[in-house]
Amino acid sequence: MSITILSIESSCDETSCAVCRDGKILSNFIANQDVHQKFGGVVPELASRAHMQNIVPVVDTAL
């Protein structure tokens with residue numbers, strides 16, 4: 122029996138998704154939020170909006 126795992130993760134400025142099957146990584150995709158560089162740190166409101174924009178494309182890419 123094969124086990125497939127979909128993993129979705131977000132940090133303060135990254136959104137990522139991976140697919141593993143039977144311990145083997147099939148895909149792993151990370152979206153970075155470069156918008157914060159000009160502010161010298163993470164801006165929570167911008168991070169929240171970027172996660173909302175990134176989550177569907179990140180999952181679609183990983184799948």
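So for the sequence shown, this note's numbering puts the first residue at 122; every next one is plus one.
From the three backbone atoms N, C-alpha and C, an ideal C-beta is built for every residue, glycine too.
Remember, it's a predicted structure, so these values are computed and weren't measured experimentally.
Just how far apart, CA to CA, sit residue i and residue j?
| i | j | result |
| --- | --- | --- |
| L147 | R170 | 28 angstroms |
| S131 | D143 | 23 angstroms |
| I186 | K159 | Because the chain here runs from 122 to 184, residue 186 falls outside it and cannot be looked at. |
| C133 | G161 | 14 angstroms |
| M122 | V163 | 43 angstroms |
Excluding the five sequence neighbours on either side, which residues of its own chain have a C-beta within less than 6 angstroms of the C-beta of residue i, listed in chain order?
| i | result |
| --- | --- |
| L167 | V156 |
| I126 | C141 |
| C138 | I129, F150, V179, V180 and A183 |
Considering only residues of the same chain and omitting the five flanking positions on each side of residue i, which have a CB-CB separation below 7 angstroms?
| i | result |
| --- | --- |
| T136 | A152, H172, N175, I176 and V179 |
| K145 | none |
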